[in-house]
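So the structure is just underneath, and the comments pick up after that.
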Amino acid sequence: MSLALGFVYCAIVIRGHRQSPDQNAPATPEAYPDKALLFRWLSYSAIPASLLFGTTTFIITDIASVPLLWIIPLMLYISSFVVAFSAREWNTLAVRRLYFPLGLLTLFSAAFYPLASRLGITPIITVMLTLSALFVGAFLFHRRLYELRPSAKNSGLFYVVLASGGALGGCFNSFVAPQVFLTTVEFPLVLSLSLLVVLLPDFLSSNVRRKARFPYEIAALTLLLLTGVKLYSSSNVHHFEGRYLVISGALLLLVLFAALLLSDWFYQTPRRGLLAILVSGLLAGYLAETTGASWIHAERNFFGISRVREDKKHARFVYTHGVTIHGMQSTEDQYRLNPISYYGPLRDILAHMPVSVADAPIGALGLGIGTVACYAKPGQEMDFYEIDPASIHIATDPTYFTYMRDCAGKRSIIVGDARLTLTRAPDGRYGFIIMDVFTSDAIPMHLLTLEALTMYGKKLKPEGLIAINISNQYLNLLPVIRTLSEELNWTARYRLNVVKNDALEVSSIWVVLAKEEKSLNLEQLPDWKPLPPETGNQYRWTDDFTNLLGVLRFRGGLAFAQ
744 MSLALGFVYC AIVIRGHRQS PDQNAPATPE AYPDKALLFR WLSYSAIPAS
794 LLFGTTTFII TDIASVPLLW IIPLMLYISS FVVAFSAREW NTLAVRRLYF
844 PLGLLTLFSA AFYPLASRLG ITPIITVMLT LSALFVGAFL FHRRLYELRP
894 SAKNSGLFYV VLASGGALGG CFNSFVAPQV FLTTVEFPLV LSLSLLVVLL
944 PDFLSSNVRR KARFPYEIAA LTLLLLTGVK LYSSSNVHHF EGRYLVISGA
994 LLLLVLFAAL LLSDWFYQTP RRGLLAILVS GLLAGYLAET TGASWIHAER
1044 NFFGISRVRE DKKHARFVYT HGVTIHGMQS TEDQYRLNPI SYYGPLRDIL
1094 AHMPVSVADA PIGALGLGIG TVACYAKPGQ EMDFYEIDPA SIHIATDPTY
1144 FTYMRDCAGK RSIIVGDARL TLTRAPDGRY GFIIMDVFTS DAIPMHLLTL
1194 EALTMYGKKL KPEGLIAINI SNQYLNLLPV IRTLSEELNW TARYRLNVVK
1244 NDALEVSSIW VVLAKEEKSL NLEQLPDWKP LPPETGNQYR WTDDFTNLLG
1294 VLRFRGGLAF AQ
């Protein structure tokens, strides 16, 4: 619907710029368009539309699962349409020359995220590069469509084909890619395709210098794509081992240097150049394969990409959703049923629970791999609220994880949106509610509003507690929780748990809330501190108002909470 409205808006803008048929002479003959021209219209509209969807998926998967962020790529896409279809003259050759290095840098920052971050390319820079590549790439394709526009007689067909191309690109990303790819590989693939199409004029040009540059450009693009896609698809991007990181960086420099050398050497003999590129690409793919992580299971659905990795070096299985670790379990018998990863601070809370609710049922929003099941006592009830079928499948399959099978307590899984399904639970049922609901390092905002916390409070016993895992690379949610807890007159404390060089523990930030101050017996623990003071209505999140920009970090890392 958004794309359709965008096309209508662009059509109105273009119509408004027309002063007379003579002043807006068609760039193509007035004859009925042939099949080749129709195909170009379709493909030139499908590629930027697919790039829009790929960019949006990349950002909301790896930055935050909120509706707000998708507006930015859509605005840039529509703006590129408006700018490209304006009557102003543009130096498209200069823009094309800009797009190639911009596209390569975007591929690098997205596919080699850990290495890029070591070089100072922060998540914000990665997003800015991605959005810039989207705008410039979409502009180039839309400008070419403007140059290929027909006369007024065939303008109706022109816009129908453009709309069909946009729908085709969207369908590829929405329906085909999730069934074909286990990762969001469609983003670097479509970005590379757009670079290739934009570079074709260099190959077809009669200019000797431009034609000589083409093998180098294709070599760099091919080698970076082969290496980056493989590493992006097979690597645990948040937990690179030092050896893997060094090999990846050296490999990237090697293939780019080889591309430059071979293109300069063979530029006068294209066949040899293409052969050298092919050999180098195969070598890069082979090296990437041999240095990749060992994924033993992967599945993709509407909610994202879930993967299980066997880490034999540290004797553990690791479950990741996108780039977020959702849990890990040791394969050694003495640690197998220990609640490891980022659940360490929960031990403090459970050790100081009020006696009146120590044995009450526990509600867990978010299943993960079922790690918190091992905090339940024998016979104690624990209800897991989970919406993702992939997470349920992975957590309950003893081939990968056994917490749900072997831990004490009585467990049940309620499938559906956590907030909606929790409303059906009896009031006062739980003594402890654990919130661990993430999609790519972000809590869905509707689970952290004033109305949501009010509802959680009703489901708690009077002395019950709520623990919220707010570990996040990009959003600082402490001010929001402090503002809401003060309005509800609840007591709150938080702990920043920094872990270094531990294969079984992960750094995290936890907040614990109590309706009654006497229920929170953590004053004697120095690691649990009062929430820092914050002011401003931007932190008062409700179902009618949330301010993501107010809590957005410009540098990732848990240390931001200090």
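Quick note, the sequence shown lines up with residues 744 to 1305 if you use this note's numbering.
In this text, a Cβ means the ideal position worked out from N, Cα and C, and glycines have one as well.
Every value quoted in this text rests on a predicted model; they were computed, and no experiment measured them.
Are the beta-carbon atoms of Ile1137 and Tyr1062 separated by less than 8 Å?
Along the sequence shown, one-based indexing puts residue 1137 at 394. Along the sequence shown, one-based indexing puts residue 1062 at 319. Yes, the Cβ-Cβ distance between Ile1137 and Tyr1062 is below 8 Å.
Look up Ser1228 in the DSSP assignment and say whether it is helix, strand or coil.
Here residue 1228 corresponds to residue number 485 of the sequence shown, with the count starting at 1. Looking at Ser1228 - three-state DSSP - the assignment turns out to be helix.
Following the continuous beta strand (DSSP E) through Lys1178, name the residue where it begins and the one where it ends.
The sequence position of residue 1178 within the sequence shown is 435, counting from 1. Position check: residue 1178 holds Met in this sequence, whereas Lys was assumed. That run of the beta strand (DSSP E) goes Tyr1173 to Met1178.
Here's the rule I'm using: 16 or more other beta-carbon atoms within 10 Å means buried, otherwise exposed. How should Ser1099 be labelled?
For the purposes of this step, residue 1099 is taken as the residue at position 356 of the sequence shown. Exposed is the call here.
What are the boundary residues of the beta strand (DSSP E) that Tyr1062 is part of?
Locating residue 1062 in the sequence shown gives position 319, counting from the first residue. Counting along the chain, the beta strand (DSSP E) containing Tyr1062 begins and ends at Arg1059 to His1064.
Inter-residue Cα distance where the pair is Ala1058 and Glu1075
If you number the sequence shown from 1, residue 1058 lands on position 315. If you number the sequence shown from 1, residue 1075 lands on position 332. Near 7 Å, if we compare the C-alpha coordinates of Glu1075 and Ala1058.
Own chain residues within Cβ distance below 8 Å of Leu841, not counting five before or after:
What you label residue 841 is simply residue 98 of the sequence shown in a count that begins at 1. Result list for Leu841: Val879, in chain order.
Please state whether the Cβ-Cβ distance between Trp1233 and Leu1256 is less than 8 Å.
In the sequence shown, counting from the first residue as 1, residue 1233 sits at position 490. In the sequence shown, counting from the first residue as 1, residue 1256 sits at position 513. Yes, the pair counts as a contact, with Cβ atoms nearer than the cut-off.
Mind checking Ala876: buried by the 16 CB within 10 Å criterion, or exposed?
Within the sequence shown, the letter at position 133 stands for residue 876. By the neighbour-count rule (16 or more Cβ atoms within 10 Å), Ala876 is buried.
With C-beta atoms as the reference, is Ile692 less than 8 Å away from Trp1253?
Past the edges of the chain, shown from 744 to 1305, lies residue 692, and the structure says nothing about it.
Does the beta-carbon distance from Pro1088 to Arg1236 come in below 8 Å?
Within the sequence shown, residue 1088 is the residue found at index 345, counting from 1. Within the sequence shown, residue 1236 is the residue found at index 493, counting from 1. No; because the gap between Cβ atoms is not below 8 Å, this pair is not in contact.
Are any of the Cβ atoms in chain B nearer than 8 Å to that of Phe1060?
No chain B appears in the structure shown, which is made up of a single protein chain.
Express the C-alpha separation of Gln1123 and Leu1104 in angstroms, rounding to a whole number.
Taking the sequence shown and counting its residues from 1, one reaches residue 1104 at position 361. Taking the sequence shown and counting its residues from 1, one reaches residue 1123 at position 380. Per the sequence shown, residue 1104 should be read as Pro rather than Leu. Those two C-alpha atoms are separated by around 6 Å.
Which of the three DSSP states is assigned to Lys1201 in this structure?
Locating residue 1201 in the sequence shown gives position 458, counting from the first residue. In the structure shown, Lys1201 sits in a helix (DSSP, three-state: H, G or I).
Inspect the beta-carbon positions of Leu888 and Val941 and report whether they are closer than 8 Å.
Along the sequence shown, read from residue 1 onward, the residue named residue 888 stands at position 145. Along the sequence shown, read from residue 1 onward, the residue named residue 941 stands at position 198. No, they are not a contact pair.
Backbone secondary structure at Ile868 - three-state DSSP:
Working through the sequence shown from its first residue, we reach residue 868 at position 125. Three-state result, Ile868: helix.
Can you list, in chain order, the residues of its chain whose CB lies under 7 Å from that of Ile790, leaving out five sequence neighbours each side?
Walking along the sequence shown from the start, residue 790 turns up at place 47. The residues are Phe884, Gly912, Val933, Leu936, Ser937 and Val940.
For Ala1168, which residues from the same chain have a beta carbon less than 6 Å from its beta carbon, with the 5 sequence-adjacent residues on both sides left out?
Mapped onto the sequence shown, residue 1168 falls at position 425. These residues qualify, in order along the chain: Lys1202.
Going by C-alpha to C-alpha distance, which of His1189, Pro1205, Asn1244 and Glu1206 sits closest to Asp1287?
Counted from its first residue, the sequence shown places residue 1287 at position 544. The option with the nearest alpha carbon to Asp1287 is His1189.
Exposed unless 16 or more other CB atoms sit within 10 angstroms - verdict on Asp1149
Locating residue 1149 in the sequence shown gives position 406, counting from the first residue. Burial call: exposed.
Within its chain, find whatever has a CB closer than 7 Å to the CB of Pro1097; leave out the 5 residues flanking it on each side and keep chain order.
Working through the sequence shown from its first residue, we reach residue 1097 at position 354. Answer for Pro1097: Glu1206 and Ser1262, listed in chain order.
Comparing C-alpha positions only, which one of Ile1156, Gly1109 and Gln1072 sits nearest to Val1051?
What you label residue 1051 is simply residue 308 of the sequence shown in a count that begins at 1. It is Gln1072.
When DSSP builds the beta bridges, which residues end up paired with Arg1050?
By one-based count along the sequence shown, residue 1050 stands at place 307. Ala1041 and Thr1063.
For Phe1046 and Glu1129, what's the separation of their Cα atoms in angstroms?
Your numbering for residue 1046 matches position 303 in the sequence shown. Your numbering for residue 1129 matches position 386 in the sequence shown. Roughly 12 Å separates the two Cα atoms.
Identify whether Phe930 lies in helix, strand or coil by the three-state DSSP scheme.
Translated into positions along the sequence shown, residue 930 becomes position 187. Phe930 falls in the helix class under three-state DSSP.
Counted within 10 angstroms of its Cβ, other Cβ atoms place Lys896 as buried (16 or more) or exposed
The residue labelled residue 896 in the question sits at position 153 within the sequence shown. Flag for Lys896 reads exposed.
So what's Tyr1101 in DSSP terms, helix, strand or just coil?
Numbered from 1 along the sequence shown, position 358 holds the residue referred to as residue 1101. Here residue 1101 is Ala; the residue named in the question, Tyr, does not match the sequence. It is coil, neither helix nor strand.
Beta-carbon gap between Tyr1217 and Ile1209 smaller than 8 Å:
To locate residue 1217, count along the sequence shown from 1; it is residue 474. To locate residue 1209, count along the sequence shown from 1; it is residue 466. In this structure, Ile1209 does not lie closer than 8 Å to Tyr1217 by Cβ.
Which residue comes first and which comes last in the alpha helix (DSSP H) that contains Phe901?
Taking the sequence shown and counting its residues from 1, the one referred to as residue 901 is at position 158. Run containing Phe901: Ser898 to Cys914, per the alpha helix (DSSP H) assignment.
Those residues which DSSP pairs with Tyr1128 across a bridge:
Indexing the sequence shown from 1 puts residue 1128 at position 385. Tyr1128 is bridged to Leu1108 and Ile1157.
If we call anything under 8 Å between Cβ atoms a contact, is Glu1042 one with Ala1133?
Looking up residue 1042 in the sequence shown gives position 299. Looking up residue 1133 in the sequence shown gives position 390. A contact, by the Cβ cut-off of 8 Å.
Excluding the 5 residues flanking Gly1293 on each side, which residues of the same chain have their C-beta closer than 6 Å to its C-beta?
Here residue 1293 refers to the residue found at position 550 when the sequence shown is read from its first residue. Excluding sequence neighbours, Gly1293 sits near Gln1281.
With distance defined between alpha-carbon atoms, name the residue in Cys1117, Glu929 and Thr1226 nearest to Gly797.
Within the sequence shown, numbered from 1, the residue matching residue 797 stands at position 54. For the residues Cys1117, Glu929 and Thr1226, the minimum Cα distance to Gly797 belongs to Glu929.
Nearest-angstrom Cα separation, counted from Ser1155 out to Thr1197:
The residue labelled residue 1197 in the question sits at position 454 within the sequence shown. The residue labelled residue 1155 in the question sits at position 412 within the sequence shown. Approximately 24 Å, taken between the alpha carbons.
With a threshold of 16 other CB atoms inside 10 Å of the CB of Met818, please say whether the residue is buried or exposed.
Residue mapping note: residue 818 aligns to position 75 of the sequence shown, counting from 1. By the 10 Å Cβ count, Met818 comes out exposed.
Using the C-alpha atoms, what's the distance from Ser793 back to Ser786?
Within the sequence shown, numbered from 1, the residue matching residue 786 stands at position 43. Within the sequence shown, numbered from 1, the residue matching residue 793 stands at position 50. Ser786 and Ser793: Cα-Cα distance of roughly 10 Å.
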